[in-house]
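Residue 424 is where the sequence shown starts when you use the numbering used here, and the numbers rise one by one after that.
Don't be surprised by glycine CBs; every beta carbon is placed ideally from N, CA and C.
Note that the structure is a prediction, hence the values are computed from the model and not measured.
Reviewing the structure listed below.
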Amino acid sequence: MLEDLFSLSQNFLTIYNRQYVRYFIKTHPLPNRFSIIGGQRGVGKTTAIIQFILRSYPGDLFTPKALYIQADHFLVAGQRLYEIAEEFYNLGGELICFDEIHKYAEWAGELKSIHDTFPKLKIIASGSSALEVYRGSHDLSRRAVVYRMFGMSLREYIELTTGLELTAFTLEEVVKNHPALALEITKALEPKKKKILALFREYLDFGYYPYFFEYKDKRLFYLTLEQNIRTTLEGDLLTIYPSLSGNTIKKIKKLLAVVAAAVPFTPDLKKIKTLLDIGDERTLKTYLKYLEDAGVILTVSAKDRGLRSLAKPEKIYLNNPNLIQALVGSSSMNKGNIRETFFLNMVQNLYDVTFPAKGDFQVSNRYIFEVGGPKKTYDQIRDLPDSYLAVDDLERGIGNRIPLWLFGFLY
């Protein structure tokens with residue numbers, strides 16, 4: 424059976440290897456012996472694992488020292504992961520990778536046993552549902568390092584589509600030196616005859632998920648996004664929390680519909696409770712947290728980051744502009760919403776973002792940002808220190824007016 428799994432592993436290494444290496448792989452060498460990669464469906468975790476294998480054993484698709492396994496494959500059905508790992512280890516195996524681990528029952532216990540029994544075996548596991556990966560990892564908290572992978576930044580999208588290698592910047596660098604940084608990027612695009620604002624528009628439409636290039640018709644791409652969300656809500660939630668009823672799942676789906684229809688959504692918790700027939704506020708916040716952990720929404724709180732401590736969210740957004748296209752549609756989209764969603768998605772993955780008394784976002788408890796179009800004025804935040812405008816449709820900025828697209832180059 425292990426021979427069949429080796430053959431399958433080699434096929435996957437061939438099929439899913441990509442020339443472009445995501446920033447996640449460059450910045451997360453996974454040095455520890457046991458790593459878990461979580462994140463929403465479609466952000467590129469499978470490719471990242473395969474690239475890590477091929478970087479560990481350069482270009483060797485047939486190395487007997489590494490084994491890639493899709494935990495939901497029929498060849499794995501009926502087998503214990505521990506028994507597979509044991510046979511692999513006894514044959515000199517060094518690196519075993521379990522993809523889609525959330526689809527394997529009792530995966531946390533199996534991985535714990537593998538880790539404890541085979542001290543020289545490196546383990547990487549990933550799951551498309553962040554909900555189950557992070558819940559299961561509680562049993563592995565002293566053993567595994569958990570990473571979260573996100574979709575592509577604007578910079579990564581441009582690199583992938585143009586073949587260029589571009590520099591990433593810290594938020595402080597962007598704030599202090601954005602005119603020079605914007606000039607550097609626009610100059611780099613000139614030999615490719617590309618314009619940054621046109622590339623930015625493409626990214627907002629379909630650039631967050633790296634598999635976009637598989638679909639020539641954007642409508643089919645958006646359909647896959649809808650299907651991924653439906654699978655998460657109708658499948659993963661019930662698997663993770665078996666006590667949830669079908670009626671509860673319906674309420675969570677209806678909650679998402681309410682949010683999507685009005686993003687950016689300023690929640691009136693009492694009104695939503697009544698609308699969805701939810702008994703108490705804590706239950707409603709828990710439902711919102713399910714959606715946030717699954718990568719469907721982003722929330723901004725006045726006190727801390729999102730719903731991680733069940734604080735009341737001041738604003739709720741869909742996770743990224745591509746989801747707005749898929750769930751809301753171009754005819755109902757609001758430009759202001761897309762701008763704010765892009766800013767929040769790019770920044771919140773890296774820095775703490777809260778809701779300030781004035782302005783749209785406060786970052787790292789210091790910088791205040793107001794997001795808007797070319798006619799956006801500075802009046803609302805003029806009297807605040809460290810306050811800036813993130814301006815759309817602007818190739819290069821000046822003073823406290825920073826091009827919105829430049830926040831897609833953060834690291």
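In the structure shown, proline 481 adopts coil according to DSSP, grouped into three states. A straight-line Cα-Cα distance of about 31 Å links glutamine 771 and glycine 702. In summary, asparagine 743 is buried, with 16 or more beta-carbon neighbours lying within 10 Å of its beta-carbon over all protein chains present. DSSP places aspartate 522 in the uninterrupted beta strand (DSSP E) bounded by 518-522.
Taking one beta carbon from each stretch, the region 556-573 and the region 788-805 have fewer than 3 pairs nearer than 8 Å; the two do not touch.
In the DSSP annotation of this structure, the continuous segment of the beta strand (DSSP E) that includes lysine 545 starts and ends at 545-550. Of the residues assessed, methionine 424 falls on the exposed side of the cut-off, its CB having fewer than 16 other CB atoms within 10 angstroms. Three or more beta-carbon pairs separated by less than 8 Å are not found between the region 601-615 and the region 478-489, which leaves the two stretches without contact. Ranked by Cα distance from leucine 436, the options Arg464, Gln493, Val466 and Asn455 are led by Gln493. From the listed residues Tyr446, Phe592, Val466 and Leu812, the smallest Cα separation to tyrosine 634 is found for Val466. Under a 10 Å Cβ-count criterion, glutamine 463 is classified as buried, with 16 or more other Cβ atoms of the shown protein chains found around its own Cβ.
The shortest CA-to-CA distance from threonine 585 to any of Leu563, Ile619 and His561 is the one to Ile619.
Beta bridge pairing from DSSP links phenylalanine 784 with Phe792. Inclusion of alanine 734 and phenylalanine 778 in the CB contact set at 8 Å is not warranted, their separation being larger than that value. Annotated three-state conformation of isoleucine 460 is strand, per DSSP. Under the three-state reduction of DSSP, proline 633 is assigned to helix. The C-beta of isoleucine 476 has 16 or more other C-beta atoms within 10 Å across all chains shown, which makes the residue buried. Rounded to the nearest whole angstrom, the CA to CA distance from glutamate 763 to glycine 795 is 8 Å.
Ranked by how close their Cα comes to the Cα of asparagine 823, the residues Ala508, Glu793 and Ala717 have Glu793 in first place. Nearest Cα to arginine 571 within the set Ala471, Leu577 and Lys616: Ala471.
Spanning the alpha carbons of histidine 561 and alanine 531 requires a straight line of approximately 9 Å.
Excluding the 5 residues flanking it on each side, glycine 515 has same chain C-beta neighbours closer than 8 Å at Pro487 and Lys488, in chain order.
Rounded to the nearest angstrom, the gap between the Cα atoms of proline 826 and alanine 603 is 12 Å. The residue from Thr593, Val597 and Leu453 with its alpha-carbon nearest to that of arginine 819 is Val597. The Cβ atoms of tyrosine 713 and glutamate 582 do not sit closer than 8 Å to each other. The C-alpha of isoleucine 791 is placed about 7 Å away from the C-alpha of aspartate 783. Per DSSP, lysine 677 is one residue of the alpha helix (DSSP H) stretching across 669-685.
The C-alpha of aspartate 628 lies about 7 Å from the C-alpha of glutamine 748. Tyrosine 491 is bridged by DSSP to Cys520. Taking a cut-off of 8 Å on C-beta distances, the region 446-457 does not touch the region 497-513, as fewer than three cross pairs fall below it.
As the crow flies, the alpha-carbon of leucine 490 is around 6 Å from that of leucine 518. The way I'd put it, the region 678-696 does touch the region 705-723; three or more beta-carbon pairs between them come closer than 8 Å. In the three-state reduction of the DSSP assignment, threonine 584 falls in the helix class, which pools H, G and I. In the DSSP assignment, serine 724 is bridged to Pro736. Taking each of Thr469, Ile821 and His525 in turn and checking the Cα distance to arginine 441, the smallest one comes out for Thr469. Secondary structure note for isoleucine 804: it is in no beta strand (DSSP E), with a DSSP letter that is neither H nor E.
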